[in-house]
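The sequence shown begins at 41 in the working numbering and counts up by one.
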Amino acid sequence: MPNAIGRGRARLTPAKRIAGSVLLGLPAAAAGLLAAQMITARRSIPVPQGPPPRGEMAYGPRSRRDPFTMVVLGDSFAAGYGVARSSETTGGLLAAGVARRLRRRVRLSVLAVVGAESTDLRHQVDEALPLAPDLAVIFIGGNDVTQLSDHREPARLLGAAVRKLRRAGCEVVVGTCPDLSALPHCRPPLSWLARWLSHRLATAQREEVERAGGTVVSLAELLNPAFRADPDRLFGTDRFHPSADGYALAAAAMLPAVLTVLRPAAGAGRTAVLAPRIPRQRRPEAGPGRTGTVHQPGEPAVPVENSDGRLAG
C-alpha cells in the first residue's frame with residue numbers, strides 16, 4: 041500500500057493524499073474503521089432541500105442618518121440554511137443587534153451560498169463591493185474540511201478576500217472554521233481527525249485574516265462547549281446545520297466584535313470585545329428544527345422590518 045500510494049501521489053487529489061497519509065499512520069483496524077466512518081459521514085451530509093431564507097432585509101427604525109450596509113459572505117452557515125426566516129439567521133440577528141445597540145438602521149445583504157468553499161469567496165466579494173458595505177461578516181471553512189482540503193490554500197484565499205474588502209474601506213469580521221467534531225454523529229476516530237483538521241484550518245485562517253486587517257472570532261472556542269452539551273436544541277433536524285437556537289448562539293458570540301468595529305463609524309469610541317451573553321429563549325421547549333424568538337436577557341426582542349418599513353414575518 042505505501043508503494044502504491046507513492047507511485048500514484050502525483051495523480052492524487054489533496055483530499056486523497058491527506059486521507060492516505062492519515063490511514064497509513066494508523067493500525068489496520070483503526071484505519072479500516074476511520075475509512076468506513078469517512079464514507080458514512082460523506083453520505084450523511086444532507087443535500088439542500090430548499091433555499092435559505094431571503095437575503096435582502098432592513099433592520100431598525102428609519103432615521104435621517106444613513107444606514108449601515110452589512111453583507112454576509114460564506115457557506116450554508118453564513119446563509120442560515122435550515123431556518124425559516126431571515127430574522128433567525130446569524131446575519132439577521134447580528135443586523136438586529138447592531139440596529140438596537142447603535143441605534144442605526146442596518147441594510148443586510150446575504151450573499152453566502154450553500155455549499156460554498158473558500159474558492160468561492162472571490163465571486164462573493166466581487167458581488168458585495170458594488171454595495172459599498174460598511175461591514176462584511178464571513179463564515180467559511182466547514183466545506184473545505186469535509187473535502188479534506190489542504191489548509192493553506194483556503195486560508196490564503198480567505199486572507200485575499202479580507203484584504204480586498206479592507207482596501208475598499210469595509211470592516212471585516214470573520215468567524216473561523218467551526219470544530220466539526222461537535223457534529224452529533226461524529227465519533228472517534230473520525231472525530232479526532234475532524235477536530236485536528238478544523239483546528240488546523242481555523243489557526244491558519246486567524247493568521248491570514250489578522251495579517252489582512254480583519255477581526256477574528258473563534259467559533260470553535262466559543263460555541264463547541266454549548267453545542268456538545270445540548271445538541272438536540274442547537275442542531276437542526278438534519279443534525280448537520282444549526283437550529284434557530286444554534287444560529288442565535290453564533291450571533292451572540294459574534295456581536296461584540298461586530299459592535300467594536302462599527303462603533304467608531306457610529307460616533308462612539310472603540311471598546312474592548314467583551315465575552316458574549318448567551319441569548320435565552322422565549323420557548324424553553326424548543327427542540328431540533330423548532331424555533332423561538334431570541335432576545336438578550338433583560339432586553340426586548342428587536343422588531344424586524346422589510347426595506348419598506350413593514351414588519352417582517
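Just so it is clear, CB atoms sit at the ideal spot from N, CA and C, and this is done for glycine as well.
How should residue i be labelled, buried or exposed, when 16 other C-beta atoms within 10 angstroms of its C-beta is the threshold for buried?
i: residue 76; result: Confidence at residue 76 is low in this model, with a pLDDT of 48, below 50, so its placement is unreliable and the value that follows should be read with caution. Under this definition residue 76 is an exposed residue.
i: residue 129; result: buried
i: residue 246; result: buried
i: residue 155; result: exposed
i: residue 91; result: exposed
i: residue 248; result: buried
i: residue 137; result: buried
i: residue 12; result: It is not possible to answer for residue 12, since the shown part of the chain is limited to 41 through 353.
i: residue 227; result: exposed
i: residue 323; result: Reliability of the predicted coordinates at residue 323 is poor, the pLDDT of 40 falling under 50, and the value obtained from them is presented with this limitation in mind. By the 10 Å Cβ count, residue 323 comes out exposed.
i: residue 184; result: buried
i: residue 96; result: exposed
i: residue 102; result: exposed
i: residue 167; result: exposed
i: residue 285; result: buried
Between the beta-carbon of residue i and the beta-carbon of residue j, is there less than 8 Å?
i: residue 106; j: residue 305; result: no
i: residue 241; j: residue 195; result: yes
i: residue 239; j: residue 260; result: yes
i: residue 295; j: residue 283; result: no
i: residue 234; j: residue 199; result: no
i: residue 356; j: residue 119; result: There is no way to answer for residue 356, as the model of the chain reaches only from 41 to 353.
i: residue 169; j: residue 208; result: yes
i: residue 153; j: residue 204; result: no
i: residue 109; j: residue 171; result: yes
i: residue 192; j: residue 244; result: yes
i: residue 299; j: residue 143; result: no
i: residue 279; j: residue 225; result: yes
Nearest to residue i by alpha carbon, out of the options?
i: residue 93; options: 125, 236 and 108; result: 125
i: residue 254; options: 144, 297 and 154; result: 297
i: residue 302; options: 103, 114, 267 and 134; result: 134
i: residue 266; options: 226, 131, 293 and 97; result: 293
i: residue 277; options: 176, 147, 122 and 111; result: 122
i: residue 290; options: 272, 257, 299 and 279; result: 257
i: residue 176; options: 104, 272, 131 and 99; result: 131
i: residue 219; options: 209, 208, 213 and 231; result: 231
i: residue 179; options: 206, 244, 161 and 148; result: 161
i: residue 236; options: 213, 215, 190 and 263; result: 190
i: residue 113; options: 229, 159 and 271; result: 159
i: residue 215; options: 222, 193, 182 and 163; result: 182
i: residue 222; options: 206, 263 and 116; result: 263
i: residue 99; options: 145, 271, 116 and 115; result: 145
i: residue 188; options: 127, 157 and 116; result: 157
i: residue 186; options: 217, 111 and 288; result: 217
i: residue 115; options: 163, 271 and 288; result: 163
i: residue 288; options: 111, 127 and 250; result: 127
i: residue 250; options: 104, 229, 213 and 117; result: 213
Hey, could you find the ends of the beta strand (DSSP E) residue i is sitting in?
i: residue 202; result: Residue 202 -> not in any beta strand (DSSP E); alpha helix (DSSP H) instead, spanning 192-207.
i: residue 255; result: 255-257
i: residue 215; result: 211-215
i: residue 10; result: One cannot answer for residue 10 here, as it falls past the ends of the chain, which runs 41 to 353.
Tell me the residue span of the alpha helix (DSSP H) that contains residue i.
i: residue 121; result: It is not in any alpha helix (DSSP H) - residue 121 carries neither H nor E in the DSSP assignment.
i: residue 175; result: Note, residue 175: premise wrong, no alpha helix (DSSP H); beta strand (DSSP E) at 175-179.
i: residue 245; result: 230-252
i: residue 130; result: 130-142
i: residue 168; result: 161-168
Using a threshold of 7 Å, is the CB atom of residue i nearer than that to any non-hydrogen atom of the ligand NAP?
i: residue 141; result: By its list of ligands, the structure shown contains no ligand whatsoever, and the ligand NAP lies outside what it can speak to.
Per the DSSP calculation, residue i is bridged to which residue(s)?
i: residue 276; result: None, per the DSSP bridge assignment.
i: residue 109; result: 147
i: residue 97; result: 148
i: residue 267; result: Looking at the DSSP assignment, residue 267 forms no beta bridge with any residue, so it has no partner.
i: residue 282; result: 275
i: residue 114; result: 179
With a threshold of 8 Å between beta carbons, is residue i in contact with chain C?
i: residue 164; result: Here there is only one protein chain, and chain C is not present.
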